[in-house]
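The opening residue of the sequence shown carries number 636 in my numbering; numbering runs sequentially from there.
Glycine included, C-beta positions come from ideal geometry on N, C-alpha and C.
Have a look at the structure below before the remarks.
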Amino acid sequence: PEARATKLREAKSVGSIAHRFLGKTFYHRYYFDFRGRKYPETAYLHEQGSDLARGLIQRVDKKPLGKDGFFWMMVGIASTWAGDAGREDGLKTDKIPLEDRFNWALDNEEIFLSYSESPKVNQGWMKADKPWMFLALCFELKKLRMYQIMRSKELNVLCYEFFEDYSMESSCEVYIDGSNNGSQHLSALTRDEVTAPHVN
636 PEARATKLRE AKSVGSIAHR FLGKTFYHRY YFDFRGRKYP ETAYLHEQGS
686 DLARGLIQRV DKKPLGKDGF FWMMVGIAST WAGDAGREDG LKTDKIPLED
736 RFNWALDNEE IFLSYSESPK VNQGWMKADK PWMFLALCFE LKKLRMYQIM
786 RSKELNVLCY EFFEDYSMES SCEVYIDGSN NGSQHLSALT RDEVTAPHVN
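Following this line, the structure appears as structure tokens:
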């Protein structure tokens with residue numbers, strides 16, 4: 636009950652702040668800790684916050700998605716789902732190689748689009764490990780596909796051709812986890828050139 640109450644307070648705080656800044660541009664002030672890691676001074680609604688906070692935040696400086704951005708968006712979908720990948724080795728979608736995550740997301744695209752069509756009715760997205768970030772990326776995928784359909788009509792091209800147009804401007808973030816974070820400090824302290832590349 637205590638954990639649930641804490642989560643509820645946090646969700647209400649994030650929602651309240653997000654509502655105040657809806658449609659507005661805002662900035663965060665950051666500080667560095669003794670290790671040189673960067674943290675926002677603001678509470679709750681920031682990109683290092685909870686799944687809900689991360690799922691709500693969008694960048695104001697939109698950039699054309701591009702083919703690389705599309706790749707990372709699909710990887711982000713698989714990573715935030717973090718569920719059964721349907722593999723014999725039993726690995727979850729956030730633990731398989733990046734190319735496999737991309738292909739898994741492509742294979743399941745119809746399901747993701749159905750979540751964005753009607754998230755209140757089709758609630759399968761709630762099974763994701765990070766449901767709000769996952770749903771935000773599903774919405775962005777739908778936005779891309781709608782953009783591509785409109786572009787194909789504008790350019791008068793056949794349906795199968797529009798999927799190659801990735802010029803849509805995107806405001807979504809895809810978060811990438813570090814690896815072996817606990818070893819980062821040891822690598823930094825010892826300046827070990829062998830382990831350093833393995834901890835990013």
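Since Leu779 and Ile712 should fall inside the 8 Å C-beta cutoff, what is the C-beta to C-beta distance between them, to a whole number of angstroms?
Sequence index remark: in the sequence shown, residue 779 carries index 144 (1-based). Sequence index remark: in the sequence shown, residue 712 carries index 77 (1-based). Incorrect: roughly 12 Å between the Cβ atoms, too far for contact.
Measuring straight from C-alpha to C-alpha, what distance separates Lys762 and Ala823?
Mapped onto the sequence shown, residue 762 falls at position 127. Mapped onto the sequence shown, residue 823 falls at position 188. Whole-angstrom Cα-Cα distance: 38 Å.
Does Tyr750 pass the burial test, meaning 16 or more other C-beta atoms within 10 Å, or should it be called exposed?
Position 115 of the sequence shown, counted from the first residue, corresponds to residue 750. Tyr750 should be labelled buried.
Going by the DSSP bridge assignment, what does Tyr679 pair with across the sheet?
Mapped onto the sequence shown, residue 679 falls at position 44. Answer is none; Tyr679 lacks a bridge partner.
For Leu700, which option in Ala771, Asp800, Lys755, His820 has the closest C-alpha, if you only look at C-alpha atoms?
Mapped onto the sequence shown, residue 700 falls at position 65. Measuring from the Cα of Leu700, the nearest candidate turns out to be Asp800.
Excluding the 5 residues preceding and the 5 following Ser714 in the sequence, name in chain order all residues of the same chain whose CB lies nearer than 6 Å to its CB.
Stepping through the sequence shown from its first residue, residue 714 is reached at position 79. Hits under 6 Å: Asp729.
Please name the residue or residues paired with Ser805 in a DSSP beta bridge.
Within the sequence shown, residue 805 is the residue found at index 170, counting from 1. DSSP output for Ser805 lists Lys698 as bridge partner(s).
Beta-carbon proximity list for Ser685, same chain, < 7 Å, skipping 5 on both sides:
Taking the first residue of the sequence shown as 1, we reach residue 685 at position 50. Correct list, in chain order: Glu645, Val649.
Nearest to Tyr782 by CA position, among Pro766, Trp767, Ser805, Thr830, is which residue?
Residue 782 sits at position 147 when you count from the first residue of the sequence shown. Tyr782 has its Cα closest to that of Ser805, out of Pro766, Trp767, Ser805, Thr830.
Are the Cβ atoms of Tyr662 and Glu676 separated by less than 8 Å?
Translated into positions along the sequence shown, residue 662 becomes position 27. Translated into positions along the sequence shown, residue 676 becomes position 41. No. Outside cutoff.
Please work out which residues of its chain come closer than 8 Å, Cβ to Cβ, to Gly718, disregarding the five sequence neighbours upstream and downstream, and give them in chain order.
Position 83 of the sequence shown holds residue 718. The residues are Lys727, Thr728, Lys762, Ala763, Asp764.
Taking the C-alpha atoms as reference points, what is the distance between Phe836 and Lys697?
Any answer about residue 836 is impossible in this case: the structure gives the chain only from 636 up to 835.
Just grab the DSSP bridge partners of Phe667 for me.
The residue given as residue 667 occupies position 32 in the sequence shown. Among the bridge pairs identified by DSSP, Phe667 is matched with Lys673.
Identify, in the order they occur along the chain, each residue of the same chain with its Cβ nearer than 7 Å to the Cβ of Ser818, setting aside the five sequence neighbours on each side.
In the sequence shown, residue 818 corresponds to position 183, counting from 1. Excluding positions up to five away in sequence, the list reads Thr830, Val834.
Pull up the CB-CB distance for Ala638 and Leu680, whole angstroms please, since I reckon it's below 8 Å.
In the sequence shown, residue 638 corresponds to position 3, counting from 1. In the sequence shown, residue 680 corresponds to position 45, counting from 1. Their Cβ separation, rounded to whole angstroms, is 21 Å, which puts Ala638 and Leu680 out of contact at 8 Å.
Measuring CB to CB, does Met768 end up less than 8 Å from Phe737?
Start at 1 with the first residue of the sequence shown, and residue 768 comes out as number 133. Start at 1 with the first residue of the sequence shown, and residue 737 comes out as number 102. The answer is no: Cβ separation not under 8 Å.
Work out the CA separation of Leu733 and Arg786 for me, nearest whole Å.
By 1-based counting over the sequence shown, the position of residue 786 is 151. By 1-based counting over the sequence shown, the position of residue 733 is 98. Looking at the two C-alpha atoms, the distance is approximately 29 Å.
What residue from Arg694, Leu770, Glu789 has the CA that sits closest to Trp755's CA?
The sequence position of residue 755 within the sequence shown is 120, counting from 1. For the sequence presented, residue 755 should be read as Lys rather than Trp. Taking only the C-alpha atoms, the option nearest Lys755 is Leu770.
Leaving aside the five residues before and after Gly721 along the sequence, list all residues of the same chain whose C-beta is less than 6 Å from its C-beta, in chain order.
One-based indexing of the sequence shown puts residue 721 at position 86. Same-chain partners within the cutoff: there are none.
Let me know the secondary structure DSSP gives Asp742 once reduced to three states.
The residue labelled residue 742 in the question sits at position 107 within the sequence shown. If DSSP states are grouped into helix, strand and coil, Asp742 belongs with the helices.
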